[in-house]
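Enquirer:
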Amino acid sequence: NVHDTVTGNILLIPQGSRLIGVYDSVVAFGQKRALLVWQRILLPDGSSAEIDNLPASDTAGYAGLEDEVDFHTWQMIKGVALATLLGVGTEFSLGENESDLVKAIRESAQQNASRAGQRITEKNLNIQPTIIVRPGWPLRVIVHKDIVLRPYA
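Given below as structure tokens:
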């Protein structure tokens, strides 16, 4: 429950109200916090109040929320392993008895496999982490300007 700041007796936001907001979907590699802002409060009686992009913080006051992060490490390892296998597979030679045609085919395959491996590795390294904030996660709304709310009846 949130009460007025003057007397502390008037209920403004009751328990069970919901916050509606948006998050920043651009997540950098290594980022562990979801940055978000709140735009509306939905009250239990169905009414709502605009709160105009108030930022969220964790209970310690740090910007954003940190809960679970999936860095997709296994996906990156698989991509690097595949690129390595593609590179190694084309390195084998038939020895000095190799004809010019076989040598040209092998070298071309080696270059193409190497390029494909590099693309796969780059693609896997560019996967953004997935930040998960579970429902009910404790948070604070940073109120940096006055908000006028009607008493909740």
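Just so you know, our numbering puts the end of the sequence shown at 962, numbered straight through with nothing missing. Glycine residues also receive a C-beta, built at the ideal position from the N, C-alpha and C atoms.
(1) Let me know the secondary structure DSSP gives Ile793 once reduced to three states.
(2) With DSSP as the reference, label Gly830 as helix, strand or coil.
(3) Over what stretch of residues does the alpha helix (DSSP H) that includes Ala913 continue unbroken?
(4) At what residues does the beta strand (DSSP E) containing Ala865 begin and finish?
(5) According to DSSP, simplified to helix, strand and coil, what is Trp847?
(6) Does the CB of His812 have a neighbour CB from chain B at under 7 Å?
(7) Identify which residue in His953, Gly873 and Ala890 has its Cα closest to the Cα of Val836.
(8) Under three-state DSSP, which class holds Leu852?
(9) What is the DSSP secondary structure of Ala890, reduced to helix, strand or coil?
(10) So, Ser857 versus Ile951, is the Cβ gap smaller than 7 Å?
(11) Mapping DSSP to helix, strand and coil, what is Leu874?
(12) In chain order, what residues of the same chain have a beta carbon less than 8 Å from the beta carbon of Glu859, not counting five sequence neighbours either side?
(13) In or out: Ile940 buried (at least 16 other Cβ within 10 Å) or exposed?
Expert: With the structure as the only source:
(1) Any property of residue 793 remains undetermined from this structure, which presents the chain solely from 810 to 962.
(2) Here residue 830 refers to the residue found at position 21 when the sequence shown is read from its first residue. DSSP places Gly830 in strand when its eight states are reduced to three.
(3) Translated into the one-based positions of the sequence shown, residue 913 becomes position 104. Residues Asp909 to Leu934.
(4) As a first step, residue 865 must be located in the sequence shown, where it is residue number 56. Start and end: Ser857 to Ser866.
(5) Reading the sequence shown from its first residue, position 38 is the one you call residue 847. Strand at Trp847.
(6) Within the model displayed, chain B is absent; a lone protein chain is all it includes.
(7) Position 27 of the sequence shown, counting from 1, holds the residue named residue 836. Minimum Cα distance to Val836 is reached at Gly873.
(8) Residue numbering aside, residue 852 sits at position 43 when the sequence shown is read from its first letter. Reduced to three states, the DSSP call for Leu852 is coil.
(9) For the purposes of this step, residue 890 is taken as the residue at position 81 of the sequence shown. Ala890 falls in the helix class under three-state DSSP.
(10) Within the sequence shown, numbered from 1, the residue matching residue 857 stands at position 48. Within the sequence shown, numbered from 1, the residue matching residue 951 stands at position 142. Against a cut-off of 7 Å, the Cβ pair of Ile951 and Ser857 comes out as no contact.
(11) In the sequence shown, counting from the first residue as 1, residue 874 sits at position 65. Reduced to three states, the DSSP call for Leu874 is strand.
(12) Residue mapping note: residue 859 aligns to position 50 of the sequence shown, counting from 1. Once the five neighbours on either side are set aside, the close Cβ partners of Glu859 are Gln848 and Arg849.
(13) Here the question's residue 940 lines up with position 131 in the sequence shown. Burial call: buried.
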